[in-house]
Amino acid sequence: MPSAADRSPSSLSSPLSGRRIISRLASPFTSKSRAVADFYIEVDDPHKQHSPGDVVTGSVRLRVTKPTRVTHIVVSLHGFVQ
């Protein structure tokens with residue numbers, strides 16, 4: 362069990378812990394080099410007219426800049442009518 366000194370406000374607000382909090386907040390906003398350089402979606406029948414709920418088949422092509430382990434890809438297609 363931690364002692365009272367370990368839970369004191371001075372130990373919780375050390376400059377080191379402050380830097381950790383700032384780095385956690387700033388990390389989503391920093392520019393990171395991405396492994397995926399380009400991607401495109403290739404549907405099997407690109408000129409077919411689809412209705413809501415239809416199954417659209419095809420492939421997703423990724424061009425990567427370095428070897429990358431991909432665990433999953435989520436694709437969401439949105440369309441419109443003119």
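Numbering follows the numbering used here, with no gaps: position 41 of the sequence shown is 402.
Beta carbons: idealized from backbone N, C-alpha and C, even for Gly.
Quick caveat: nothing in here was measured; it's all calculated off a predicted structure.
From the DSSP secondary-structure annotation, give me the bridge partner or partners of residue i.
i	result
I420	One point to set straight first is that residue 420 is Ser, not Ile, in the sequence displayed. Note: S420 sits in a beta bridge opposite E403.
V397	V425
Please report how far the alpha carbon of residue i lies from the alpha carbon of residue j, in whole angstroms.
i	j	result
S437	T426	24 angstroms
V431	F441	30 angstroms
P428	V404	25 angstroms
H397	Q443	His is not the amino acid found at residue 397; the sequence shown has Val there. Distance between the alpha carbons of V397 and Q443 is about 32 angstroms.
P413	R395	33 angstroms
R422	H433	13 angstroms
Tell me which residues share the same chain as residue i and place their Cβ nearer than 7 angstroms to its Cβ, disregarding the 5 neighbours each side in the sequence.
i	result
S420	E403
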